[in-house]
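Note sheet for the following structure.
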Amino acid sequence: MSRKRPTVPVKGPNWKPAAGFVTAFVLGVALAFLVSSWTSGPNATERRIAELQEAEARRDVEQIGALTDLARGTRDRLTPMVEGMAKAAPPDSSSGTVPSAEEVGKWRDAATAELRRYAETPSAGNGVNVARTALKTAVQQLAVAVGGFEAALDAPDPLRGRLVGLASEQRTLALRTWSVAALQLDVINIDAGRGHVHVQLPAGPNATPLDSEPEGSGRR
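Counting in full-length UniProt numbering, the final residue of the sequence shown is number 220, and the numbers go up one at a time with none missing.
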């Protein structure tokens, strides 16, 4: 009678050391990633922020230059109109005379053309946007003043005198707004290293005064 051989259990491979190695490897990779992120991540972010800020600063300098040129042109083109309004209705008086229809027509053409120049609003920083908006608002108010003089052309007395007085008041408000815009334009030019810029119109009484520094001084 033959004897059966005892069954010897076959042992599988011991995975415990391998599993421990894999776990240690994964943890090591994760730790290296965290250390790398901690050491290089913020610096990369800060560099990107600095690049964006530099690009924005360059854009603003360009916009400041273009807006300054526009404001200077507006001052030169609208000064004759502003002076003509002051003669027709002095800002320190409640009465005035109605200018001729021909003269008012020239004012209307000048104001309309100037409004077109401020139709576009390029993207810029807050300082530039404030200056541009104030300049545009001043031109709009001057156009309203022209409308007042136009309404007075064919109006009977005493309405005619009242309309001229209102147009004069609107002109004064427009010039006060322009003086604030001119001050803001001066500030952003100085901050950008372009020096002082003075683009004030003949503003009359109660306008926001500008500094007495020479034009272009303070340039960096």
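Ideal Cβ placement from N, Cα and C applies to all residues, glycine included.
Margin query: Would Leu153 and Arg75 qualify as a contact pair, given that the criterion is a beta-carbon distance under 8 Å?
Written below: no
Notebook entry, point to check: To which residues of the same chain is Val82 closer than 6 Å at the C-beta, ignoring the five residues directly before and after it?
Noted result: Leu201 and Pro202
Margin query: Alpha carbons only, please: which of Phe149, Thr172, Gln170 and Arg171 is nearest the one belonging to Gly161?
Written below: Phe149
Checklist line | Gly127 versus Glu62: straight-line alpha-carbon distance, rounded | finding: 13 Å
Item checked: Burial state of Gly97, where buried means 16 or more other Cβ atoms lie within 10 Å -> The residue asked about is misnamed: residue 97 is Thr in this sequence, not Gly. Thr97 should be labelled exposed.
Notebook entry, point to check: Pairing CB atoms from the region 84 to 93 with CB atoms from the region 115 to 134, are three or more of them under 8 Å?
Noted result: no
Margin query: Do Trp178 and Val146 have their beta-carbon atoms positioned less than 8 Å apart in this structure?
Written below: no
Notebook entry, point to check: Rounded to the nearest angstrom, how far is the Cβ of Val196 from that of Ile190, given a contact under 8 Å?
Noted result: It should be pointed out that residue 196 corresponds to His in this sequence rather than to Val. About 6 Å; that satisfies the 8 Å criterion.
Note to self: Just to confirm my understanding: we take Leu70, look at its own chain, exclude 5 residues before and 5 after, and list those with CB closer than 8 Å. What are they?
What the structure shows: Arg117, Tyr118 and Leu135
Check: Is the beta carbon of Ala138 less than 8 Å from the beta carbon of Ala174?
Finding: yes
Notebook entry, point to check: If you draw a straight line from the alpha carbon of Gly105 to that of Ser168, how long is it in whole angstroms?
Noted result: 17 Å
Next item on the list: In angstroms with no decimal places, state the Cα-to-Cα distance between Arg72 and Asn43.
Entry: 43 Å
Next item on the list: Could you pull out every residue in the same chain whose Cβ sits closer than 8 Å to the Cβ of Ile111, ignoring the five residues on either side in sequence?
Entry: The sequence as given places Ala at residue 111; Ile does not occur at that position. So the qualifying residues of the chain are Leu78, Met81, Val139, Leu142, Ala143 and Val146.
Checklist line | Same chain, Cβ closer than 6 Å to Phe21, five either side skipped, listed in chain order | finding: Bear in mind that a pLDDT of 48 at Phe21, under 50, signals an unreliable position, so the number given afterwards is only what the model happens to contain. Nothing listed; no residue qualifies.
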